[in-house]
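Trainee: If you're matching them up, the sequences are chains A and B in order.
Residues in the first sequence are numbered from 102 upward in steps of one, following our numbering.
Residues in the second sequence are numbered from 681 upward in steps of one, following our numbering.
C-beta atoms are modelled at their ideal positions from N, C-alpha and C, and glycine is treated no differently.
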Amino acid sequence: MEPIIFLVDDEEEVRVTLSRALKMRGFKVKAFANAEQFLNGYQPSEAGCLVLDYGMPGMNGLQLQSELNRRGISVPIVFISGHGGVPESVEAMKGGAVDFIQKPFRQRHLIECIEDAFKVDAANRAKVADEVQARERFERLTVREREVADFMIANPSYTTSKHIGRELDISPRTVDHHRARILEKLEINSVAELIDLAARIESAIP
Amino acid sequence: MRQSLAFILMISLAGLQFLAILIVVFTTFVTSERAMLKHALGLMSQAGNNATEHTRLFLKPAQDLAKQATGMLTSGIIDANDHDALEQLLFQQVLSEPQVAGVYYGDEAGNFVYLMRSDGPGPVRTKIISHEDGGRSTEFVWRNTAFELVSEAIDPSDRFDPRKRPWYQSAASAKQPVWTDPYVFFSSRRPGITAAVPVILSDGTLQGVVGVDIELDAISQFLSELTISAGSTALILNENGEVIAHPASDQIVVQNEDKTIRFVGINEINDPVANAAFGKLAQSGPLAITGEVRSELEHDKESYLTLLAPIKGHDLPWTIAIHAPENDFVQGIKDNRRRNIWIAAIISLVTAIAGLMLAEVILRPVRAFAVRTSLVSQGEVSADTPLPKTYQELKRANETLIHEISQRRESEKRQRDLSRQLFHFSRVDMMGQLATGLAHELSQPITAITQNVDAAISTAAKMKDINPELMQILSELDDQAHRGGDIIAALRGLVRKDEGQFVAFEFEDLLDQSLKIVQHEADINSVQLVKSNVTQHQVLANRVQIAQVLINLMHNAIEAMTMAKTQSREILISARPQNSFLEVWVEDSGPGVAPDQPLFRHFETSKTDGMGFGLSISKTIIEANGGHLWYDHESRNTSRFCFTLPLLSTGLES
């Protein structure tokens, strides 16, 4: 899906010209006049980045940033500012902004920032997708199989069937059977891959 | 203050003194006057008694002498017909008492032996009327005090008959000793009185009458010497209201038209006070006084005391009358009172001067204190310098005052500091503010230009037959726009100097100081500055810049309301925490801002004077301080500007 530039700026002429120029360069742009409009119109499923004016009446850029953080929305932000103070830029960067640039800016510089932001967004989204996929595979396991898998993830040094059987009070043969089923269901070939997969969804591990 | 205190002290001292003395003087005067008058009446009463007694003593010898002679004649020791022996007896008697004017004996036959004091040729004259052999002879003999014959004379023309005289007739009819009414003596023509005693033989037949004359001049003389007071007069009245004795003895006898002589009436005598005081007495019948009568009288604007008393101890119906001017007795007291009032005035004056000096002494430390206080308040002298020797009360006042002064000085210093900083800020940083404002305002259109150039270049790049010159032009346009942008960035750097001055401070304190700066302008334009719901909150910002914004907003509000001639002019300032910010509202009761009016832009203003920098600079400042500033179009009744400032306790939020 093509990433979208979400532009929030209260200055109409800037909003209009900037979105037009970016569109000319082939970007897909959605423009908003203030923070509230953006919060109402934005769907987290839409990939892209946020180009955010710092100084706005009502909720300003920094406040919108902290609001998004509060809501757990991790859209990358490129700040553009007509004032551009050092303290604000520091605040913005601490809040996770990709960059803080002052108006007027070289278009090349803005594009670079936007592309950086797209990469961050893409990486974020890939990571999230990976996680989702790994979690789906783990959900194919039965309760017993999950128990065995969890033991192997927790104790990577003791993965022999004998050892696991003694710990879980089942026969090594059954352990072998479970292990084969686990590798098959999780579409992996070794215990090392199992641990790698588990690391991708740390949150999934109890 | 000094004058009034001294004056009050002086007036109080002198006035009280004067009043006290006056009260004493007058009460003393009244009581002593009363006492003096009582005393005076006593004196007069005593004088009356004196006069009575004197009169009695004066008259007594006359009756005694008459009785003595009568006794001798009755007993036969002296033969009444022996005129020589009788003359000898009477001679002794007439000289025995000085008041005796004459002694005589008249008998039923009309014989008469009369011895009287004489002016010459001898001191005693004897008149003898003898009836012998049906003939009558009248003989005058003058003798010296040794009874030696000095001269002799015979008066054949004499027709005197003792039996027809009143003294003889009254004694003869009464058959006992009598006093005659006062009358004017036949021979001496002087006022007098006669004690007459009848000579009655053992068989009860009347032989004759002995008479003793006493001249009343002597009583008048006595009365003139009877001094009760300087202006007093004593006189004796008979029952007819005639004056029979008066210090001016020559006045009491008057001549009638027929050349006879009588006593003057009390109404006639040349003594106006006596006329006024006693004149009425004689008008209502015979004068009869049984006891002492005291009274007071106003005559010719003067007060008189008068006294009437009967002469007791005799059968004489006489009354002694005394009048004396009251002032004779109380004049001394009156003089004394006048003198005392003068003394009081002098004492009051002295007291007043003493009071002034005292006030001076009392005031000296007070004045020193006042001078010192004024020096302290002007800052010439430190409040810690030791206090001059002064009063306990002043010392306490001083402590309070010094405390007040130091507090006020402290607050003034803070105020001055802020004003100075603001002045400095507005002078030095005005250019920086201008630059910032320009940078901000210019950055928007330049951004728009660069974007459009970029769009144009993008569009041109997609065209097949692109004119290289157009590309060149667009490229240069882009360059030039960015050069403008660079200049803006450089301008923006001008305000960066302030960034290091962020401090934590109490917002309310800064608001109070800003209010003071604006207060004067508000007063002039009848604008009420009201602070409401401002609680203590620490904010992190540039104090002076925030003060500038507050002052700017209040100044704008005052101007807007004054220009719109708003009736009720009020600026309400409130502040409340909102998340990690302090939200400040500056509301005024003015007309507000039309929704389509652009605010916060440089060079855009509705004012006739001014460049429209105020609001945009304020906005720039607030944003530079991490907050933002806006106009609340939602506010219905007020025109409300809002801005936010980061609270110091932002750490609690995250």
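So the candidates are A:Arg-280, A:Ala-235, A:Thr-261, A:Gly-127; which of them puts its Cα closest to the Cα of Glu-248 (chain A)?
Mentor: Stepping through the first sequence from its first residue, residue 248 (chain A) is reached at position 147. That would be A:Arg-280, whose Cα lies nearest to the Cα of Glu-248 (chain A).
Trainee: Which residue or residues does DSSP assign as beta-bridge partners of Arg-1320 (chain B)?
Mentor: Residue mapping note: residue 1320 (chain B) aligns to position 640 of the second sequence, counting from 1. Paired residue(s): B:Glu-1267, B:Asp-1312.
Trainee: Determine, using beta carbons only, whether His-184 (chain A) comes closer than 8 Å to chain B.
Mentor: On the first sequence, position 83 is the one that residue 184 (chain A) refers to. So, interface residue.
Trainee: What are the uninterrupted segments assigned as beta strand (DSSP E) that are 3 or more residues long and contained completely in the stretch 1176-1245 of chain B, given in chain order?
Mentor: Taking only runs of at least 3 residues, the beta strand (DSSP E) segments lying wholly in the stretch 1176-1245 of chain B are 1183-1186, 1208-1214, 1218-1221.
Trainee: Quick check: what's the CA-CA separation for Gly-1290 (chain B) versus Ser-1155 (chain B)?
Mentor: As a first step, residue 1290 (chain B) is located in the second sequence; it is residue number 610 there, counting from the start. As a first step, residue 1155 (chain B) is located in the second sequence; it is residue number 475 there, counting from the start. Here Gly-1290 (chain B) scores only 46 on pLDDT, less than 50, and its place in the model is too uncertain to base an answer on.
Trainee: At a CB distance below 7 Å, what residues from the stretch 113-130 of chain A approach chain B? Give them in sequence order.
Mentor: Within the stretch 113-130 of chain A, the qualifying residues are Glu-114, Val-115, Thr-118, Leu-119, Arg-121, Ala-122, Met-125, Arg-126.
Trainee: Which residues in the same chain have their Cβ closer than 8 Å to the Cβ of Gln-627 (chain B), if we skip the five residues on either side of it in sequence?
Mentor: Nothing about residue 627 (chain B) can be read from this structure; chain B reaches only from 681 to 1334.
Trainee: Alpha helix (DSSP H) containing Ser-817 (chain B): first to last residue?
Mentor: For the purposes of this step, residue 817 (chain B) is identified with residue 137 of the second sequence, where counting begins at 1. No alpha helix (DSSP H) contains Ser-817 (chain B), which is instead part of the beta strand (DSSP E) from 815-823.
Trainee: Between the C-alpha atoms of Asp-1268 (chain B) and Val-187 (chain A), what's the straight-line distance to the nearest angstrom?
Mentor: By 1-based counting over the second sequence, the position of residue 1268 (chain B) is 588. By 1-based counting over the first sequence, the position of residue 187 (chain A) is 86. Going from the Cα of Asp-1268 (chain B) to the Cα of Val-187 (chain A) covers about 34 Å.
Trainee: If you drop the 5 nearest sequence neighbours on each side, which residues of the same chain put their C-beta closer than 8 Å to that of Thr-118 (chain A)?
Mentor: As a working note, residue 118 (chain A) is residue 17 in the first sequence. Answer for Thr-118 (chain A): no residue qualifies.
Trainee: Hey, how far is the Cα of Gly-802 (chain B) from the Cα of Ala-826 (chain B)?
Mentor: If you number the second sequence from 1, residue 802 (chain B) lands on position 122. If you number the second sequence from 1, residue 826 (chain B) lands on position 146. About 11 Å.
Trainee: Use the C-beta contact count for Ile-1168 (chain B): other C-beta atoms within 10 angstroms, 16 or more gives buried, fewer gives exposed.
Mentor: The count along the second sequence starts at 1 and reaches residue 1168 (chain B) at position 488. Label assigned to Ile-1168 (chain B): buried.
Trainee: So with Cβ pairs under 8 Å, would you call Ala-1227 (chain B) a contact of chain A?
Mentor: Translated into the one-based positions of the second sequence, residue 1227 (chain B) becomes position 547. So, not an interface residue.
Trainee: Beta strand (DSSP E) containing Leu-140 (chain A): first to last residue?
Mentor: Counting from 1 along the first sequence, the entry for residue 140 (chain A) is found at position 39. Per DSSP, Leu-140 (chain A) belongs to no beta strand (DSSP E); it is in the alpha helix (DSSP H), 136-142.
Trainee: Residues of chain B with CB under 7 Å from Gln-203 (chain A), in chain order?
Mentor: Indexing the first sequence from 1 puts residue 203 (chain A) at position 102. In chain order: Ala-1169.
Trainee: CB-CB under 7 Å to Ile-1042 (chain B), same chain, minus the five flanking residues each way: which ones, in chain order?
Mentor: Residue numbering aside, residue 1042 (chain B) sits at position 362 when the second sequence is read from its first letter. Answer for Ile-1042 (chain B): no residue qualifies.
Trainee: For the candidate residues B:Glu-1084, B:Ser-1062, B:Val-1046, whose alpha-carbon lies nearest to that of Glu-1073 (chain B)?
Mentor: One-based indexing of the second sequence puts residue 1073 (chain B) at position 393. The shortest Cα separation from Glu-1073 (chain B) among B:Glu-1084, B:Ser-1062, B:Val-1046 belongs to B:Val-1046.
Trainee: Residue range of the alpha helix (DSSP H) that His-279 (chain A) falls in?
Mentor: Taking the first sequence and counting its residues from 1, the one referred to as residue 279 (chain A) is at position 178. Residues 273-286.
Trainee: What number of angstroms, rounded off, separates the C-alpha of Leu-1262 (chain B) from the C-alpha of Gly-173 (chain A)?
Mentor: Along the second sequence, read from residue 1 onward, the residue named residue 1262 (chain B) stands at position 582. Along the first sequence, read from residue 1 onward, the residue named residue 173 (chain A) stands at position 72. If I take the Cα positions, the gap works out to 26 Å.
Trainee: Please tell me whether Leu-988 (chain B) and Val-1010 (chain B) are closer than 8 Å, where the distance is taken between their beta carbons.
Mentor: Your numbering for residue 988 (chain B) matches position 308 in the second sequence. Your numbering for residue 1010 (chain B) matches position 330 in the second sequence. No; because the gap between Cβ atoms is not below 8 Å, this pair is not in contact.
Trainee: Which ranges does the beta strand (DSSP E) cover as unbroken runs of at least 3 residues, wholly within the stretch 706-784 of chain B, from first to last along the chain?
Mentor: Taking only runs of at least 3 residues, no beta strand (DSSP E) segment lies wholly in the stretch 706-784 of chain B.
Trainee: Using C-beta distances below 8 Å, list every residue in its chain close to Val-1133 (chain B), excluding the 5 sequence neighbours before and after it, in chain order.
Mentor: In the second sequence, the residue the question calls residue 1133 (chain B) occupies position 453. For Val-1133 (chain B), where only same-chain residues beyond five positions count, the Cβ hits under 8 Å are Leu-1154, Leu-1157, Asp-1158, Ala-1161.
Trainee: Find the residues of chain B that neighbour Gly-156 (chain A), judging by a C-beta separation of less than 7 Å, and give them in chain order.
Mentor: Here the question's residue 156 (chain A) lines up with position 55 in the first sequence. Residues of chain B passing the Cβ test: Glu-1303, His-1308.
Trainee: Return the bridge partner residues of Phe-958 (chain B) from the DSSP annotation.
Mentor: Position 278 of the second sequence, counted from the start, is the residue given in the question as residue 958 (chain B). According to DSSP, which records beta bridges pairwise, Phe-958 (chain B) is partnered with nothing at all.
Trainee: Going by CA-CA distance only, name the one from B:Ile-1129, B:Ala-1141, B:Thr-1324 that's closest to Leu-1230 (chain B).
Mentor: Walking along the second sequence from the start, residue 1230 (chain B) turns up at place 550. Among B:Ile-1129, B:Ala-1141, B:Thr-1324, the Cα nearest to that of Leu-1230 (chain B) belongs to B:Thr-1324.
Trainee: On the DSSP letters alone, give me the boundaries of the alpha helix (DSSP H) that Pro-188 (chain A) sits inside.
Mentor: The residue labelled residue 188 (chain A) in the question sits at position 87 within the first sequence. From DSSP, the alpha helix (DSSP H) with Pro-188 (chain A) extends over 187-195.
Trainee: Skipping 5 residues on each side, what residues in its chain have a beta carbon closer than 6 Å to that of Gln-779 (chain B)?
Mentor: By one-based count along the second sequence, residue 779 (chain B) stands at place 99. Within the same chain, Gln-779 (chain B) has close Cβ partners Phe-738, Ile-894, Ala-898.
Trainee: Return the residue from the list B:Glu-777, B:Tyr-784, B:Ile-808, B:Ser-882 that minimises the CA-CA distance to Gly-756 (chain B).
Mentor: Here residue 756 (chain B) refers to the residue found at position 76 of the second sequence. Here the closest residue by C-alpha is B:Ser-882.
Trainee: Who are the near neighbours of Ser-190 (chain A) in its chain, counting only those whose CB is closer than 6 Å to its CB and skipping five residues on each side?
Mentor: Translated into positions along the first sequence, residue 190 (chain A) becomes position 89. Hits under 6 Å: Phe-201.
Trainee: Distance check for Gly-127 (chain A) and Asp-1145 (chain B), CA to CA, integer angstroms please.
Mentor: Your numbering for residue 1145 (chain B) matches position 465 in the second sequence. Your numbering for residue 127 (chain A) matches position 26 in the first sequence. Each residue's Cα considered, the two are about 21 Å apart.
Trainee: Just to confirm my understanding: we take Asp-835 (chain B), look at its own chain, exclude 5 residues before and 5 after, and list those with CB closer than 7 Å. What are they?
Mentor: Position 155 of the second sequence, counted from the start, is the residue given in the question as residue 835 (chain B). Only Thr-818, Phe-820 meet the Cβ criterion.
Trainee: Using a threshold of 7 Å, is the CB atom of His-979 (chain B) nearer than that to any non-hydrogen atom of the ligand ADP?
Mentor: Looking for the ligand ADP in the displayed structure turns up nothing, as the structure carries no ligands at all.
Trainee: Give me, in chain order, the residues of the same chain whose beta-carbon lies closer than 7 Å to that of Trp-1310 (chain B); leave out the 5 immediate sequence neighbours on both sides.
Mentor: The residue labelled residue 1310 (chain B) in the question sits at position 630 within the second sequence. Here the set comprises Cys-1322.
Trainee: For Asn-161 (chain A), which residues in chain B fall below 7 Å Cβ to Cβ?
Mentor: For the purposes of this step, residue 161 (chain A) is identified with residue 60 of the first sequence, where counting begins at 1. Result: His-1308.
Trainee: In angstroms, rounded to a whole number, what distance separates the CA positions of Thr-806 (chain B) and Val-858 (chain B)?
Mentor: As a position in the second sequence, residue 806 (chain B) is number 126, starting the count at 1. As a position in the second sequence, residue 858 (chain B) is number 178, starting the count at 1. Cα-Cα distance, rounded: 24 Å.
Trainee: Under 8 Å, Cβ to Cβ, is there at least one residue of chain B near Gln-166 (chain A)?
Mentor: Stepping through the first sequence from its first residue, residue 166 (chain A) is reached at position 65. Chain B, which has no Cβ nearer than 8 Å to the Cβ of Gln-166 (chain A), makes this no.
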